[in-house]
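J.: Structure incoming, see below.
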Amino acid sequence: MFNPSGGKCHAVQCTININSECVGQRKVPGGCNNLCTIIQYGPNDLSGFFKQRCPDACSYPKDDPTSLFACPSDTTNY
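Right, here's the structure in full:
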């Protein structure tokens with residue numbers, strides 16, 4: 001989990017374990033496959049699977065703007 005301080009950004013997290021839900025082409029030994037290896041870089045049912053469970057995650061290139069975070073370096077203490 002990314003947990004900034006200073007009030008300029010909110011925490012980015014995915015606190016659920018989705019490994020048991022990764023089936024079919026999503027499954028690899030020990031977890032879930034990287035979406036970029038199995039989709040054509042756009043929204044579909046596979047990217048929706050991750051986005052539904054981890055809304056802060058960017059599930060494909062150019063995902064919705066709420067998935068992108070820019071925190072001012074002078075106001076963030078990691």
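Per the UniProt record's numbering, the very first residue in the sequence shown carries number 1; after that it's consecutive. Built from N, CA and C at the ideal position, the CB exists for glycine as well.
Alpha carbon to alpha carbon, what distance is there between residue 55 and residue 16?
T.: Locating residue 16 in the sequence shown gives position 16, where the first residue counts as 1. Locating residue 55 in the sequence shown gives position 55, where the first residue counts as 1. Straight-line Cα distance between these residues: approximately 11 Å.
J.: Bridge partners for residue 23 per DSSP, in chain order?
T.: As a working note, residue 23 is residue 23 in the sequence shown. Answer is none; residue 23 lacks a bridge partner.
J.: In the DSSP assignment, what residue or residues form a beta bridge with residue 32?
T.: Walking along the sequence shown from the start, residue 32 turns up at place 32. Answer is 27.
J.: Assuming residue 82 and residue 25 make a contact with CB atoms under 8 Å, what is their CB distance in whole Å?
T.: The chain is shown only over 1 to 78; residue 82 falls outside these bounds and no answer can be derived.
J.: In three-state terms, what does DSSP make of residue 79?
T.: Outside the displayed range of the chain (1 to 78) lies residue 79, so it cannot be described from this structure.
J.: Looking only at its own chain, which residues have a Cβ that is under 8 Å from the Cβ of residue 99, when we skip the five neighbours before and after it?
T.: Examination of residue 99 is not possible in this model, given that the chain is present from 1 through 78 alone.
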